[in-house]
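Numbering (this note's numbering), first residue to last: 4 to 408.
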Ligand code: FES
Ligand SMILES: [Fe+2]
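1) If you count every other CB in all the chains shown that lies within 10 Å of the CB of residue 347, and 16 or more means buried, which is it?
2) Give me the pocket residues for ligand 1, defined as CB within less than 7 Å of any heavy atom, sorted by chain position.
3) With a threshold of 7 Å (Cβ to nearest heavy atom), would residue 307 be considered close to ligand 2?
4) Using the three-state DSSP reduction, which class does residue 71 fall into: helix, strand or coil?
5) Verify the contact flag: residue 129, CB atom, against every heavy atom of ligand 2, threshold strictly below 7 Å.
6) Applying the 10 Å Cβ sphere with the 16-neighbour rule, what's the burial state of residue 227?
7) Please report the straight-line C-alpha distance between residue 339 and residue 403, rounded to a whole angstrom.
8) Beta-carbon within less than 6 Å of residue 126's beta-carbon, same chain only, minus the 5 sequence neighbours each way: which residues are those?
9) So for residue 205, helix, strand or coil by DSSP?
10) Taking the alpha-carbon positions, what's the residue 371 to residue 206 distance?
11) Which value, in whole angstroms, describes the spacing of the CA atoms of residue 303 and residue 139?
12) Once DSSP output is grouped into helix, strand and coil, what is the label at residue 212?
13) Report whether the distance from the Cβ of residue 357 to the nearest heavy atom of ligand 2 is below 7 Å.
14) When you measure from the CB of residue 214 to every non-hydrogen atom of ligand 2, does any distance come out below 7 Å?
15) So does the segment 79-89 actually touch the segment 144-152, counting three or more Cβ pairs closer than 8 Å?
16) Verify the contact flag: residue 223, CB atom, against every heavy atom of ligand 2, threshold strictly below 7 Å.
17) Under 8 Å, do residue 350 and residue 224 count as touching if we go by C-beta distance?
18) Below 8 Å, how does it come out for the segment 239-252 and the segment 294-301: are there three or more Cβ pairs, yes or no?
19) Starting from residue 392, trace the alpha helix (DSSP H) both ways and give me its first and last residue.
20) According to DSSP, residue 123 sits in a beta bridge with which residue or residues?
21) Grouping DSSP H, G and I as helix and E and B as strand, with all else coil, what is residue 196?
22) Residues in its own chain within less than 6 Å of residue 128 by CB, not counting five upstream and five downstream?
23) Using the three-state DSSP reduction, which class does residue 168 fall into: helix, strand or coil?
24) Check each candidate in 380, 396, 198 and 365 and name the one with the smallest Cα separation from residue 24.
25) For residue 391, collect the residues of the same chain with a Cβ closer than 7 Å to its Cβ; drop the 5 residues on either side in sequence, then sort them by chain order.
26) Roughly how many angstroms separate the alpha carbons of residue 99 and residue 311, rounded to a whole number?
27) Between the segment 171-178 and the segment 66-75, can you find at least three pairs of beta-carbon atoms closer than 8 Å?
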């Protein structure tokens with residue numbers, strides 16, 4: 004026992020305990036299978052933004068390796084966004100040919116057609132045309148052979164799906180207080196998106212955990228953000244399965260000249276001090292002047308960060324127990340001047356460098372954990388978001404979580 008321990012968050016949330024966390028959940032193929040079955044196949048998962056399919060007839064196909072499927076999200080003529088498995092009712096071909104992890108397209112008539120034999124489905128998933136229909140048997144009926152729907156709902160412009168066709172929990176219920184916490188932030192006003200993604204040879208939680216604390220900033224980000232961010236979190240709130248906190252600036256940061264100039268021209272930099280204009284009331288509730296950005300985790304696999312003039316996400320898609328697709332996205336308003344554009348580019352490159360620094364640790368952590376030389380990891384008080392993540396995970400895996408209404 005560390006007799007000098009100072010536990011701000013541990014004292015606030017004693018139910019999480021203080022014990023070291025077993026590393027098994029990051030290296031076990033068996034636990035990975037359980038996570039897919041009990042979590043990723045049951046809960047709401049963010050798969051897109053409405054701006055990506057802004058017009059009627061726009062569609063997006065998102066591959067979900069863990070579920071061995073891909074989902075078609077289509078913007079119907081009635082304005083609804085609906086989701087379907089990308090599987091044709093005829094002989095099971097993919098209706099839309101995928102050109103990568105994400106595929107985008109547009110159909111003026113808001114229909115999708117399978118390229119194999121030309122079956123056509125409308126944006127409600129109904130099968131509307133079958134070439135040579137008369138040659139199918141009398142018991143074949145178009146109305147019974149639409150696309151397989153996937154529950155799809157939108158929150159603040161984020162498109163979520165739930166692969167559990169039997170589940171009764173709505174997205175609003177799933178998000179709970181977190182849904183209100185970030186509500187009203189003007190996500191859609193930041194139209195410019197810089198996106199990066201790659202497959203990392205690590206468990207999805209190893210990737211998640213590396214982004215869910217500020218303890219590593221002084222070491223890992225000594226190059227990109229020297230002496231900029233405080234290691235301690237502020238305003239930690241555990242909100243059911245989800246969690247949130249503020250990451251703050253050190254008071255004595257001395258940004259390099261170019262970073263200083265970029266920060267002064269636009270709020271696109273996280274190191275910039277700004278006037279409060281866009282943040283929802285529950286974010287930085289006490290108007291701390293050292294506030295940099297809110298770090299919110301929506302269980303299981305997305306981090307949403309918001310601040311004035313910029314928001315960004317990290318998402319972690321499980322592929323296997325030691326493979327994860329990481330997606331980083333950084334959103335900014337359209338620049339109005341060339342100098343703003345320069346400042347945004349600068350901020351983006353700084354952020355990209357930081358993300359390279361972050362992702363550089365993950366594969367090393369995974370391979371070291373797989374040696375099993377260490378059976379547990381030790382979390383300090385400021386790593387409370389990670390501790391909460393394992394707490395919620397355990398509840399799902401042990402069946403103590405009632406996510407099916
Ligand atoms: S498999 Fe799609 S039309 Fe034949
Ligand atoms: Fe980091």
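Note that beta-carbon positions come from the ideal geometry of N, C-alpha and C, so glycine has one too. In this text, all values refer to a predicted model and were calculated from it rather than measured experimentally.
So, from the data block:
1) buried
2) 91, 93, 94, 95, 96, 98, 117, 119, 120, 121 and 122
3) no
4) coil
5) no
6) buried
7) 51 Å
8) 77, 79 and 113
9) coil
10) 12 Å
11) 44 Å
12) helix
13) yes
14) yes
15) yes
16) yes
17) no
18) yes
19) 387-400
20) 116 and 132
21) strand
22) 87, 149, 150 and 152
23) coil
24) 380
25) 19, 241 and 246
26) 38 Å
27) no
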